[in-house]
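Q: If you scroll down you'll find the structure; I have some questions about it.
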Amino acid sequence: MTETVKNRKNSDFGVPLGESDPECESRSSNSTKTPVVKKRKRYTFEDKQKILEELKNLTSREICTKYGMSDRVLRKWKLNKNVIEDAANKNSTKTLKKVSKTEKLDAELFEWFDDCRRNSIMVSGPMLCRQALVINSRIGGSENFKASNGWLDKWKKRTHIKDLTITGETLSVDEEAVNLCIVKLAELIAKKKLDRAQILNTDESGLTYRINVNDLLDLLKKVER
269 MTETVKNRKN
279 SDFGVPLGES
289 DPECESRSSN
299 STKTPVVKKR
309 KRYTFEDKQK
319 ILEELKNLTS
329 REICTKYGMS
339 DRVLRKWKLN
349 KNVIEDAANK
359 NSTKTLKKVS
369 KTEKLDAELF
379 EWFDDCRRNS
389 IMVSGPMLCR
399 QALVINSRIG
409 GSENFKASNG
419 WLDKWKKRTH
429 IKDLTITGET
439 LSVDEEAVNL
449 CIVKLAELIA
459 KKKLDRAQIL
469 NTDESGLTYR
479 INVNDLLDLL
489 KKVER
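Under this note's numbering, think of the first position of the sequence shown as 269, with each following residue one higher.
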């Protein structure tokens, strides 16, 4: 009787009592294995130069997908393009691990500015200067560094930023300036006796990128004279 119960219990478990289940051991062994950490690929200057050359035919998104890199990394390479090309032309096999404090400041400030632009945050010159001081302190830059207007102008030239004002439909509008512009335009139309054929909408045209509401007000004042 006792033997029968023992055999039935063994059959219920599917494994003889006192023995271990190989499948359970396999699962337990797999669960305790250290996860494989994918190593970050290191690119030589020559590799980076070739990838940057591909931007002539491919978009940034296509490059990132092709090489499995982030957009932030590619932007940093583009910002340091001159450094990469100079090193590649010297047949260097070193990777871009260290750059000067000035280059690092330029790169990090540009990334901060780019993040603001992507989030439709208005950025002014003083804001950039304050952020430059914060970054310089964090990276251990020169204690004599002063984010002056002269430095800001040079930084804008180095990073090819012509205008710090970010425009777009997602940004808040200066309602006061818009309302004033509407009034001024109505007065001008009445004064000059303009008809509809003489009034043009330049929205989404090339002029939109060359003038803002405040500049338009100045233009209207000149026309009134």
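Ideal Cβ placement from N, Cα and C applies to all residues, glycine included.
Answer yes or no: do Cys384 and Leu420 have a C-beta to C-beta separation smaller than 7 Å?
A: no
Q: Under the three-state reduction of DSSP, which class applies to Thr370: helix, strand or coil?
A: Assigned with DSSP and collapsed to three states, Thr370 falls in helix.
Q: DSSP three-state call for Thr427: helix, strand or coil?
A: coil
Q: Grab me the residues of Ala347's own chain with a C-beta within less than 8 Å of its C-beta, minus the 5 sequence neighbours each way, in chain order.
A: Here the sequence assigns Leu to residue 347, which means Ala is not the residue at that position. The residues are Asp374, Ala375, Phe378 and Thr427.
Q: So, with DSSP's three-state summary, where would you put Thr327?
A: coil
Q: Assuming Glu322 and Ile331 are in contact, meaning their beta carbons sit under 8 Å apart, how far apart are those beta carbons, in whole angstroms?
A: 6 Å
Q: For Ala400, count the other beta carbons within 10 Å of its own beta carbon; 16 or more makes it buried, fewer makes it exposed. Which is it?
A: With 16 or more neighbouring CB atoms inside 10 Å of its own CB, Ala400 falls in the buried class.
Q: Below 6 Å CB to CB, which residues in the same chain sit around Ser296 once its five sequence neighbours on both sides are set aside?
A: For Ser296, the predicted structure reports a pLDDT of 47, less than 50, and the residue's modelled location is therefore unreliable. A value from the coordinates is still provided. Non-local C-beta neighbours of Ser296 in its own chain, meaning closer than 6 Å and more than five positions away in sequence, are absent.
Q: Ignore the nearest five residues each way along the sequence and tell me which others in Lys349's own chain have a CB closer than 7 Å to its CB.
A: Leu320
Q: Beta-carbon within less than 7 Å of Trp380's beta-carbon, same chain only, minus the 5 sequence neighbours each way: which residues are those?
A: Gln399
Q: Looking only at its chain, what residues have a beta carbon closer than 7 Å to the beta carbon of Lys344, apart from the 5 residues adjacent to it on each side?
A: Taken in chain order, the residues that qualify are Ala375.
Q: What's the gap between the Cα of Asn325 and the Cα of Lys318?
A: 12 Å
Q: Identify which residue in Ser405, Thr312 and Asn417 has its Cα closest to the Cα of Pro394.
A: Asn417
Q: Could you check which residue in Lys422, Lys369, Arg386 and Lys334 has the C-alpha nearest to that of Arg406?
A: Lys369
Q: Out of Ser410, Tyr311, Asn412 and Cys449, state which residue places its alpha-carbon closest to the alpha-carbon of Asp342.
A: It should be pointed out that residue 342 corresponds to Leu in this sequence rather than to Asp. Taking only the C-alpha atoms, the option nearest Leu342 is Tyr311.
Q: Express the C-alpha separation of Val451 and Ala465 in angstroms, rounding to a whole number.
A: 20 Å
Q: Would Phe313 pass as a contact of Ile352 if the rule is Cβ separation under 7 Å?
A: Contact flag set, yes.
Q: List the endpoints of the continuous alpha helix (DSSP H) containing Asp354.
A: Here the alpha helix (DSSP H) through Asp354 covers Lys349 to Asn357.
Q: What residue range does the alpha helix (DSSP H) around Leu320 cover?
A: Phe313 to Glu321
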